[in-house]
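Asks: One structure follows; several queries about it will come next.
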Amino acid sequence: MVGQLYTVLPVLGLLAESWSTTATAAGWTTTAFGFGYAAGFLFWGPLSDRFGRRKLIVLGLFLTALTTAAVAAAPNLAVGCTIRVVQGLSAATFAPPAFAYIAERIEPARRVAAMTWLTSSFLSAGVLGQVYAQSVSDGAGWRTVFLTCAAAMVGGALLLRGVLDEDTASATPSALDAYRAMGRLLTKPSLVLLLLSTVTLLCGFVAVYTGLQVAGPARLTGDPDAMLLLRAGSLPAMVLVPLVTPFLVRLPAVRRVVGALLLAATVSAASATLARGGDLGVVLLGALLFVFVFAIAVTAPALVEAIGAQAGPARGAAVALYTFALFTGASAGPQLATAAGGYATVFAAIAGVLGVGALLAAAGHHTHR
1 MVGQLYTVLP VLGLLAESWS TTATAAGWTT TAFGFGYAAG FLFWGPLSDR
51 FGRRKLIVLG LFLTALTTAA VAAAPNLAVG CTIRVVQGLS AATFAPPAFA
101 YIAERIEPAR RVAAMTWLTS SFLSAGVLGQ VYAQSVSDGA GWRTVFLTCA
151 AAMVGGALLL RGVLDEDTAS ATPSALDAYR AMGRLLTKPS LVLLLLSTVT
201 LLCGFVAVYT GLQVAGPARL TGDPDAMLLL RAGSLPAMVL VPLVTPFLVR
251 LPAVRRVVGA LLLAATVSAA SATLARGGDL GVVLLGALLF VFVFAIAVTA
301 PALVEAIGAQ AGPARGAAVA LYTFALFTGA SAGPQLATAA GGYATVFAAI
351 AGVLGVGALL AAAGHHTHR
């Protein structure tokens with residue numbers, strides 16, 4: 001589901017060719033999905049409190065299978081962007097009830113680890129979605145990328161319907177009351193600051209991969225195999241984070257957020273400096289990207305934990321706000337990468353954005369205290 005945000009990145013050139021436009025214009029398909037995705041969280045998240053986690057997850061997978069197949073039939077950019085907005089809206093059914101399901105059904109001693117595996121899967125989708133799309137589109141075309149995903153979603157819906165626990169009776173008296181809970185959460189300044197910090201997280205993450213695609217070194221962008229290897233090389237970092245979670249949780253959630261965001265910002269700044277000096281080779285870039293992805297993967301579950309600690313029983317509403325902020329940032333990421341210009345400038349801009357995110361998280365912690 002989350003991978004649908006990223007699958008278009010490796011096929012921007014193919015989309016541009018098929019739709020008689022430019023790769024930069026085709027990049028709006030990423031932004032269109034992202035805005036629909038982010039807005040969908042505000043609608044679906046509170047409803048999961050009302051109607052149940054399992055029901056919404058299964059229904060959402062079926063709906064997203066239909067909208068994903070529809071993307072493959074898009075004849076031009078305008079129609080493609082419109083369908084991508086609807087696809088984003090339907091895909092947003094998954095994350096809020098999935099987070100809330102873990103918070104309710106997993107015992108406290110294992111809950112942080114489970115949350116970390118879930119957020120790591122979301123971030124892994126950023127890499128796996130690109131690796132998958134590039135591999136399939138090279139041989140079968142970009143339309144097959146979406147048709148295959150649609151079939152996988154139908155299979156996922158049937159599988160999850162069988163393994164998820166039955167929904168329990170809702171404690172929320174009405175859907176309207178679920179939305180009111182979201183409004184009450186937004187009256188907490190400390191929570192709002194954490195949500196603003198969340199915006200910067202995937203903004204920087206998506207901007208990095210978009211920047212690699214549209215403004216990366218010529219020796220990299222001109223070599224599909226090298227680009228594929230670079231994307232896949234950061235996957236071990238995402239697997240590593242859940243394995244070291246038992247050690248990371250010894251630190252309070254907000255300290256993990258601030259420290260990891262500062263680490264990611266430092267790596268981005270180093271990348272920009274090295275790029276300006278002409279010393280940024282593909283191997284060094286891969287090493288820096290590994291550390292960057294590790295830092296992002298540490299931040300995501302820590303933000304969920306910090307925000308959830310202030311939400312009380314309104315878990316669905318809190319997760320909806322978190323995911324809305326997260327993927328609003330993801331929607332802005334491609335535009336940050338294309339507006340920043342050259343490769344070094346992109347990384348410098350990302351460093352600034354993530355540094356601001358660390359400051360916002362620290363300010364939110366101070367305000368809460």
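The UniProt record's numbering puts the first residue of the sequence shown at 1, with every later residue one more than the last. No residue lacks a Cβ here, since even glycine has one placed at the ideal position from N, Cα and C.
1. Compare the C-alpha of residue 265 against each of 321, 200, 311 and 20 and name the closest.
2. Which of the three DSSP states, helix, strand or coil, is assigned to residue 189?
3. What's the C-alpha gap between residue 239 and residue 109?
4. Quick check: the region 320-327 against the region 150-170, are at least 3 beta-carbon pairs closer than 8 Å?
5. Under the rule that 16 or more other beta-carbon atoms within 10 Å means buried, what is residue 105, buried or exposed?
6. State the DSSP-derived secondary structure class of residue 106, mapped to helix, strand or coil.
7. Are at least three pairs of beta-carbons, each pair with one atom in the region 72-90 and one in the region 340-356, less than 8 Å apart?
8. Count the CB pairs spanning the region 250-262 and the region 289-301 that are closer than 8 Å, and state whether there are at least three.
9. Using only the alpha-carbon positions, how far apart do residue 94 and residue 65 sit?
10. Rank 29, 1 and 317 by C-alpha distance to the C-alpha of residue 74 and give the top, closest one.
11. My output table needs one value for residue 250: the three-state DSSP class, helix, strand or coil.
12. Quick one: give me the first and last residue of the alpha helix (DSSP H) that residue 87 is part of.
13. Where do the ends of the alpha helix (DSSP H) carrying residue 73 lie?
14. Does residue 223 come out as helix, strand or coil in the three-state DSSP assignment?
15. My understanding is that residue 346 touches residue 207, with C-beta atoms under 8 Å, so please give their C-beta distance in whole angstroms.
Replies: To lay it out plainly:
1. 200
2. helix
3. 20 Å
4. no
5. exposed
6. coil
7. no
8. yes
9. 12 Å
10. 29
11. coil
12. 77-91
13. Here residue 73 belongs to no alpha helix (DSSP H), and DSSP marks it neither H nor E.
14. coil
15. 7 Å
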